[in-house]
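Structure record follows, encoded as structure tokens.
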Amino acid sequence: MTTDFRTGYIALIGKPNVGKSTLINALLGQKIAAVSSRPQTTRRRQLGILTTPNAQLIFVDTPGMHSPRHKLGEFLNQEAVEALEEVDIVVFLLDASTGPDEEDELIATRLAALRRRPAVILGMNKIDLVPAGEAQARQEAYQPLVEGASVVSLSALYSTGRVELINAIIDLLPQREPDFPEDQVTDLYEREIAAELIREAALYFLREEVPHGVNIRIDQFMERGDEGAYIHATIFVERESHKGIVIGERGGMMKKIGSMARQEIEAMSGRKVYLELRAKVAKGWRNDDAFLQRFGYGIKEAKTKRKK
Ligand code: GDP
Ligand code: MG
């Protein structure tokens, strides 16, 4: 490995539905599905790692990107904004098929307010929906959002501009040796990602009703060849009454959670998933250190690991 090698951290941001999940999947491909079973420290902020012959691109926060339901307000919470100060590059995804709107401007304002502003690449996504003659005008409409940003046209859906984006990122990365082995694509086990997706699905339906949230344990994760994967998971709640809510009338709520989680896990892993869920009461789990440690929450707030 020569000193020409470049390594760095990249955050992908943008309003809901702009194509973040589609893009991250296009960038990392199905490789995310082949998550190795090498022992790792549990961390809630997942990294998606793309290693080329001359660079290592480390994308932060990919689980959130897998959720199409993250509201802008949630994304732009304090922790998320501060995380942007730690990355080398922000890819700010925009919808080229429309003009800039309030949500784009809010994100641009937050970016401009960072004490340490990373390099920004404007990703003009959904370019497939833009008539050829209008592409330039769309780009000019978005360009003032971030002064000095470079611009790449993309269609995450059709993988257009993938190589151009990767090259634009590499151009801006600092020269240094890689942080991870070249065959490592993520820092989370696939089962941990599955647990996170189940938790997201549960919170999506239950947010108001189960105030203290839920915790997920993957009891079984088995490969079944052509039939895909079989996952059995337990949703832990704090109270008996919450268990009733999670199960719902004639199991209706559980079905909704299971169905959404299954679809997200299938999208993440690129194969069929059979998901079985049950709910269980674990009184006071939020205050139980041993329980939290077992579920990785002890280091939940750990910042993205960096070697400088
Ligand atoms: P996210 O909320 O930012 O993660 O957005 P998603 O990746 O979930 O994409 C939202 C919708 O936009 C989905 O229906 C995608 O298929 C669609 N989409 C994403 N990228 C493109 C693109 O380049 N072109 C078109 N036409 N649709 C896209
Ligand atoms: Mg998404």
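In numbering that gives the first Met the number 0, the protein residues as written are 0 to 307. Each residue gets a CB set at the ideal place from its N, CA and C atoms; glycine is no exception. Remember, it's a predicted structure, so these values are computed and weren't measured experimentally.
Task: Residue(s) in a DSSP beta bridge with D94 - done: N124
TODO: Please work out which residues of its chain come closer than 7 Å, Cβ to Cβ, to V89, disregarding the five sequence neighbours upstream and downstream, and give them in chain order.
DONE: A10, I12, L83, L110, P117, V119
Open item on the list: Can you check which of these residues, M123, G247, G257, is closest to T233 by C-alpha distance?
Closed with: G257
TODO: Could you tell me which of K279, M123, G147, R249 sits nearest to V17, measuring between CA atoms?
DONE: M123
Task: Coarse secondary structure for G132, derived from DSSP in three states - done: helix
Open item on the list: For L171 and L164, which I take to be in contact (beta-carbon distance under 8 Å), what is that distance rounded to the nearest angstrom?
Closed with: So it is not a contact: roughly 11 Å between Cβ atoms.
- [ ] Consider the C-beta atom of L110 and the heavy atoms of the ligand GDP; say whether any pair is separated by less than 7 Å.
- [x] no
TODO: Go ahead and pull the three-state DSSP assignment for A260.
DONE: helix
TODO: Compare the Cα-Cα distances from S282 to each of V272, K254, N214 and report the closest residue.
DONE: Note on identity: in this sequence residue 282 is Lys, with Ser being the wrong assignment. Checked all of V272, K254, N214; the closest Cα to K282 is N214.
Open item on the list: Considering Cα atoms alone, identify which of A193, E101, R216, V236 is closest to R206.
Closed with: V236
Open item on the list: Please state the DSSP three-state secondary structure of L22.
Closed with: helix
- [ ] Please indicate yes or no: does the CB of A155 lie closer than 7 Å to some heavy atom of the ligand GDP?
- [x] yes
Task: Cβ contact (3+ pairs, closer than 8 Å) linking the stretch 248-255 and the stretch 264-273 - done: no
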